[in-house]
Amino acid sequence: MPSYPQFKCWSAPYIGGICLDGFMTDDRPSARDAGVRDAGARDAGARDAGAVIADLLRELVGDPTVLTEAELRLRLETAASLGRRIDAVKAALAAEAAARSRRVDGHSGWAAREGHRSAESLVRELCGSSYREAATLVRVGELMASPAGLGRIADGFRDGRIDMDAADGIVKALAPVAEQADAVAFVSAAKTLALESESLHADAVTRMAKAARDTLDRAGIAEREHRLRERRFLTIGPEIDGMRRLSGLLDPESAAIVVSAVDAVTAPRRGGPRFVDPEQQERARAIAEDERTHGQLALDSVVEMIRIAGEADPGRVFGTARPGVRVTISLDELRAEVSAAGGGSAHVESSAEPLSAATARRYLCDVGVLPIVFGGRSEILDVGRTERCFTRSQRVALAARDGGCRWPGCDRPPSWTEAHHIRPWSAGGRTDLADGILLCRHHHMLLHNNGWSVVRSRGRGEFDLIPPPDIDSLRRTRPMPTRRC
1326 MPSYPQFKCW SAPYIGGICL DGFMTDDRPS ARDAGVRDAG ARDAGARDAG
1376 AVIADLLREL VGDPTVLTEA ELRLRLETAA SLGRRIDAVK AALAAEAAAR
1426 SRRVDGHSGW AAREGHRSAE SLVRELCGSS YREAATLVRV GELMASPAGL
1476 GRIADGFRDG RIDMDAADGI VKALAPVAEQ ADAVAFVSAA KTLALESESL
1526 HADAVTRMAK AARDTLDRAG IAEREHRLRE RRFLTIGPEI DGMRRLSGLL
1576 DPESAAIVVS AVDAVTAPRR GGPRFVDPEQ QERARAIAED ERTHGQLALD
1626 SVVEMIRIAG EADPGRVFGT ARPGVRVTIS LDELRAEVSA AGGGSAHVES
1676 SAEPLSAATA RRYLCDVGVL PIVFGGRSEI LDVGRTERCF TRSQRVALAA
1726 RDGGCRWPGC DRPPSWTEAH HIRPWSAGGR TDLADGILLC RHHHMLLHNN
1776 GWSVVRSRGR GEFDLIPPPD IDSLRRTRPM PTRRC
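Residue numbers (the working numbering): 1326 to 1810.
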């Protein structure tokens, strides 16, 4: 291990023997205080720190091909921890760059003097990043400077316990509703998210933050739904070789219909569920062996659906086939009248974004929709008017409860999952909701073949995952949250 110069730090946390907090804490020596250190000394210190970190990173990587999986895991976790601390430094500096580039400063602001229209553009150039990352650095850095009710998030990010994308997801979800939300509930939600962010990946944290936002500001659900819908579009433009390029955005309601239809065609090619019915098995086999690519299969299916609809008799009623979109809503919200301010929420199976209760009520009048009604305690009261067998109804109920594959970190929707008995049928297990859980085919096979197991957890419909000894010698349980979080 090479010897490194000693750097004065103004806060305790270290990574690899190097303390980074001195670059960003509020009580660090001010860059504007010439009486503390001159600019030359500060620049030299920054260069020395950069050299130290570069040496540490080279030693951290070494030759990864000779590492055991335990060593590789440790180094990945260490590199990620170091990266979070560096992100916090970059964010603090980016926020200061933004503070010196305010619009009110006009052409005298730092960014303008450097020839940039915004602080984000300046940060992008200095960091060599995308504009999106530069905007994230500025946004999260400003959170650190003025955290308001998100102080725990700012502290966790500053200390390297919360990933930058997770912190940004929380800020974008909660900051817009801070004024209208109950102050105590807002701080409590931020505290919960800060704790969860230390063990969950950024995508899961962002989903949780959006769910918290909708709980804190239920009256705003309809407005947010409207804003997303206003952004929808589809354009078809010519290419020079005669092809046509499609570009567009689908709002959650529209996406539920399109994604459900396309997934029904492409799922057998992309790890979808296995079938027991011989007819379904044959259909899945034909799709899996089709020579077309995933993209070609998806486009051809959409074109065929449009062709069928275009050739139909104008008086033909569509939607008599089995439901393709499922909407979940509590019984109380289903029965309640919509107030002038809006309120209440529902979900479609394929999206984490909520719909307003008013949209759910409209869905009940539409064709091709199977309503799934919940009681106030999330007890399934009804799975719609259907004549399908009991196992079909159970799958619908599990889909509504689990929201997709329950394996931690998996994002497969219900249509891609299989129902798993937590106690095998051969060992006396029962085929009921309490003993069932949805897993995608990949994780279902992994569980059966690699020694994983699922056990009931704290409450009804809650489960924990237990890894095999070769993954975790202590076999510590891992929570299996629903995708409704």
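Idealized CB from N, CA, C, for every residue including glycine.
Enclosing alpha helix (DSSP H) for Asp1789 [first to last residue]: As a first step, residue 1789 is located in the sequence shown; it is residue number 464 there, counting from the start. Taken as a continuous stretch (DSSP letters only), Asp1789 belongs to no alpha helix (DSSP H), being part of the beta strand (DSSP E) at 1788-1791.
Contact check, Ala1519 vs Ile1487, beta carbons under 8 Å: Translated into positions along the sequence shown, residue 1519 becomes position 194. Translated into positions along the sequence shown, residue 1487 becomes position 162. With contacts defined by Cβ atoms closer than 8 Å, Ala1519 and Ile1487 form a contacting pair.
Which of helix, strand or coil DSSP assigns to Arg1557: Mapped onto the sequence shown, residue 1557 falls at position 232. Look at Arg1557 here: in three-state DSSP terms it is coil, with no helix or strand label.
Under the three-state DSSP convention, the category Ser1446 falls into: Counted from its first residue, the sequence shown places residue 1446 at position 121. Ser1446 carries a helical assignment under DSSP once its states are collapsed to helix, strand and coil.
Asp1490 versus Gly1734: straight-line alpha-carbon distance, rounded: Against the sequence shown, residue 1490 aligns to sequence position 165. Against the sequence shown, residue 1734 aligns to sequence position 409. In this structure, the alpha-carbon of Asp1490 lies about 16 Å from that of Gly1734.
Host beta strand (DSSP E) of His1767 (start-end): For the purposes of this step, residue 1767 is identified with residue 442 of the sequence shown, where counting begins at 1. No beta strand (DSSP E) holds His1767; the alpha helix (DSSP H) holding it covers 1766-1774.
Identity of the residues DSSP links to Pro1738 by a beta bridge: Locating residue 1738 in the sequence shown gives position 413, where the first residue counts as 1. Partner(s): none; Pro1738 has no beta bridge.
Selected residue, minimal CA-CA separation from Arg1427, among Asp1795, Ser1446, Ala1413: Counting from 1 along the sequence shown, the entry for residue 1427 is found at position 102. If we check each option's Cα against that of Arg1427, Ser1446 comes out closest.
Helix, strand or coil at Arg1755 [DSSP, three-state]: Position 430 of the sequence shown holds residue 1755. Of the three classes helix, strand and coil, the one that applies to Arg1755 here is coil, per DSSP.
Residue from Val1448, Ser1454, Ala1492 whose Cα sits closest to the Cα of Leu1468: One-based indexing of the sequence shown puts residue 1468 at position 143. Of the candidates Val1448, Ser1454, Ala1492, the one whose C-alpha sits nearest the C-alpha of Leu1468 is Ala1492.
Glu1636, buried or exposed, once every other Cβ within 10 Å from all chains shown has been counted against 16: The residue labelled residue 1636 in the question sits at position 311 within the sequence shown. Glu1636 is exposed by the Cβ-count criterion.
Cβ contact (3+ pairs, closer than 8 Å) linking the segment 1419-1426 and the segment 1467-1484: As far as the Cβ criterion goes, the segment 1419-1426 touches the segment 1467-1484, which means the pair count is three or higher.
Selected residue, minimal CA-CA separation from Arg1557, among Ala1759, Leu1575, Leu1571, Asp1484: Within the sequence shown, numbered from 1, the residue matching residue 1557 stands at position 232. Arg1557 has its Cα closest to that of Leu1575, out of Ala1759, Leu1575, Leu1571, Asp1484.
First and last residue of the uninterrupted alpha helix (DSSP H) at Arg1427: Along the sequence shown, one-based indexing puts residue 1427 at 102. Per DSSP, Arg1427 belongs to no alpha helix (DSSP H) and is neither H nor E.
Beta-carbon proximity of Ser1454 to Ile1546, cut-off 8 Å: By 1-based counting over the sequence shown, the position of residue 1454 is 129. By 1-based counting over the sequence shown, the position of residue 1546 is 221. In this structure, Ser1454 sits away from Ile1546, with a CB-CB distance that is not shorter than 8 Å.
Stretch-stretch touch, CB-based, cutoff 8 Å, three pairs: the segment 1566-1575 with the segment 1534-1551: Touching, no.
Identity of the residues DSSP links to Leu1475 by a beta bridge: Translated into the one-based positions of the sequence shown, residue 1475 becomes position 150. According to the DSSP secondary-structure assignment, Leu1475 is paired through a beta bridge with no residue.
Coarse secondary structure for His1745, derived from DSSP in three states: The count along the sequence shown starts at 1 and reaches residue 1745 at position 420. His1745: strand per DSSP, three-state reduction.
Enclosing beta strand (DSSP E) for Arg1570 [first to last residue]: For the purposes of this step, residue 1570 is identified with residue 245 of the sequence shown, where counting begins at 1. For Arg1570, the enclosing beta strand (DSSP E) starts and ends at 1569-1574.
Whole-number beta carbon distance between Ala1444 and Val1463, since they are thought to touch under 8 Å: Residue mapping note: residue 1463 aligns to position 138 of the sequence shown, counting from 1. Residue mapping note: residue 1444 aligns to position 119 of the sequence shown, counting from 1. Yes, they are in contact, since the Cβ atoms of Val1463 and Ala1444 sit about 6 Å apart, within 8 Å.
Candidates Ala1580, His1745, Glu1396, Arg1731, of which the one nearest Ser1676 by Cα: Working through the sequence shown from its first residue, we reach residue 1676 at position 351. Closest by C-alpha distance to Ser1676, out of Ala1580, His1745, Glu1396, Arg1731, is Ala1580.
Coarse secondary structure for Pro1389, derived from DSSP in three states: Counted from its first residue, the sequence shown places residue 1389 at position 64. In this structure, Pro1389 counts as helix in the three-state DSSP scheme.
Met1805 burial status per 10 Å Cβ neighbour count (16 or more: buried): Here the question's residue 1805 lines up with position 480 in the sequence shown. With 16 or more other Cβ atoms within 10 Å, it is buried.
DSSP-derived helix/strand/coil call for Thr1807: Taking the first residue of the sequence shown as position 1, residue 1807 is located at position 482. Looking at Thr1807 - three-state DSSP - the assignment turns out to be coil, as it is neither helix nor strand.
As assigned by DSSP and simplified to three states, the class of Pro1563: Within the sequence shown, numbered from 1, the residue matching residue 1563 stands at position 238. In this structure, Pro1563 counts as strand in the three-state DSSP scheme.
Cβ-based burial, Ile1654 [other Cβ within 10 Å; buried from 16]: As a first step, residue 1654 must be located in the sequence shown, where it is residue number 329. Only buried fits Ile1654, as 16 or more other CB atoms lie within 10 angstroms of its CB.
Range covered by the beta strand (DSSP E) that runs through His1619: Looking up residue 1619 in the sequence shown gives position 294. Note, His1619: premise wrong, no beta strand (DSSP E); alpha helix (DSSP H) at 1619-1636.
Exposed unless 16 or more other CB atoms sit within 10 angstroms - verdict on Arg1610: For the purposes of this step, residue 1610 is identified with residue 285 of the sequence shown, where counting begins at 1. Exposed, by the Cβ-count rule.
Gly1728 classed as buried or exposed, judged by whether at least 16 other C-beta atoms fall within 10 angstroms: If you number the sequence shown from 1, residue 1728 lands on position 403. Burial of Gly1728 is indicated by the presence of at least 16 other C-beta atoms within 10 angstroms of its C-beta.
Proximity to Ser1522 [Cα-Cα], best of Thr1684, Val1502, Gly1485, Ala1544: Within the sequence shown, numbered from 1, the residue matching residue 1522 stands at position 197. Measuring C-alpha to C-alpha distances from Ser1522 to each of Thr1684, Val1502, Gly1485, Ala1544 identifies Gly1485 as the nearest.
Pro1679 - partner residues in DSSP beta bridges: Locating residue 1679 in the sequence shown gives position 354, counting from the first residue. Pro1679 pairs with His1672.
Distance between Ala1685 and Leu1397 (C-alpha atoms, nearest Å): For the purposes of this step, residue 1397 is taken as residue 72 along the sequence shown, with counting starting at 1. For the purposes of this step, residue 1685 is taken as residue 360 along the sequence shown, with counting starting at 1. So the alpha carbons of these two residues sit roughly 48 Å apart.
Classification of Ile1762 by the beta-carbon crowding that lies within 10 angstroms, buried from 16 upward: Position 437 of the sequence shown, counted from the first residue, corresponds to residue 1762. With 16 or more other Cβ atoms within 10 Å, it is buried.
Distance between beta carbons of Cys1452 and Ala1460, contact taken as under 8 Å: For the purposes of this step, residue 1460 is taken as residue 135 along the sequence shown, with counting starting at 1. For the purposes of this step, residue 1452 is taken as residue 127 along the sequence shown, with counting starting at 1. So it is not a contact: roughly 12 Å between Cβ atoms.
For Arg1800, three-class secondary structure by DSSP: Taking the sequence shown and counting its residues from 1, the one referred to as residue 1800 is at position 475. Three-state result, Arg1800: coil.
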